[in-house]
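Q: The sequence shown: position 98 = 276 (this note's numbering), numbered continuously. Here a beta-carbon is modelled for each residue, glycine too, at the ideal position from N, C-alpha and C.
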Amino acid sequence: MAERPTYQRRGAQLRMPTFQDAVGQVAARGAAQTGQALDRMTSFFLQQTEQQAQIRGEEYGALHAPTREQLKDAMEGKDDIDLPGGNFTVADRAARKAALAITSDNLQQLAQARITEIVLDAYKTQKDPTDLATDVDAVIAGYGDILDKNAPTLALNFRAKMGMYANREYESYARSLITSSKGSNYAGLIASLVTEDEAISSGVVIGGGN
């Protein structure tokens, strides 16, 4: 009788996970979860710290913004303004932004008040419109120069707003001259007035100054 062939089992043997392997996997997952939790906590604390720094910076900038008297002196060339803050830290940037916002508002109020004074004086003295335009342009240019160095964008916005305000005042004055006994020679002024839309788009003020 023929002898039957024998077969050997081939292939890798199954390896059952040991207790140590299970412990290692659990530890790895735990470490990953702990790391994620720490990252979230760190991010939260950094965000809180940044918000607190921004608040402190805004408060500091608002308290130390140039006063109106200092702005008047700067406009007259007596002194330069000193703005708090800078560009290095969150607090620095927040302080500078707050100070610039307050400075811009104060400059607009000062410029409007001065333009109103000039226009009222023109009504009393029947000033020539060309001279009025020159005086008003000088006010806008003087206060605008204060912002040019520290905030060019705010300076452009300031000039546009003041240009609109000045043009309204100038147009009202020119119309009053037309209806006055002395204003018959100024009838052609209205046609040459800069409109408010043009003042916004081009930044032109009534006398064509910068």
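Does the segment 262 to 280 come close enough to the segment 231 to 238 that 3 or more CB-CB pairs lie under 8 angstroms?
A: yes
Q: Just mark residue 309 as buried or exposed, buried being the case when its beta carbon has 16 or more other beta carbons within 10 Å.
A: Looking at its Cβ environment, which holds fewer than 16 other Cβ atoms inside 10 Å, residue 309 is exposed.
Q: Between the alpha carbons of residue 251 and residue 227, how many angstroms are there, rounded?
A: 38 angstroms
Q: Let me know the secondary structure DSSP gives residue 328 once reduced to three states.
A: coil
Q: Using 8 angstroms as the threshold, is the C-beta distance between residue 290 and residue 336 below it?
A: no
Q: Distance, Cα to Cα, residue 322 vs residue 333?
A: 6 angstroms
Q: Just verifying my parser: in three-state terms, what is the DSSP assignment at residue 295?
A: helix
Q: So what does DSSP say about residue 245, is it helix, strand or coil?
A: coil
Q: Whole angstroms are fine: how far does the CA of residue 264 sit from the CA of residue 300?
A: Straight-line measurement puts the Cα of residue 264 at about 42 angstroms from the Cα of residue 300.
Q: For residue 233, name the three-state secondary structure that DSSP assigns.
A: helix
Q: For residue 212, does the count of other Cβ atoms within 10 angstroms reach 16, so buried, or fall short, so exposed?
A: exposed
Q: Give the single residue among 348, 340, 318 and 293 whose Cα lies nearest to the Cα of residue 306.
A: When only C-alpha atoms are compared, the closest one is 348.
Q: Just verifying my parser: in three-state terms, what is the DSSP assignment at residue 284?
A: helix
Q: With distances taken between CB atoms, is the gap from residue 262 to residue 279 smaller than 8 angstroms?
A: no
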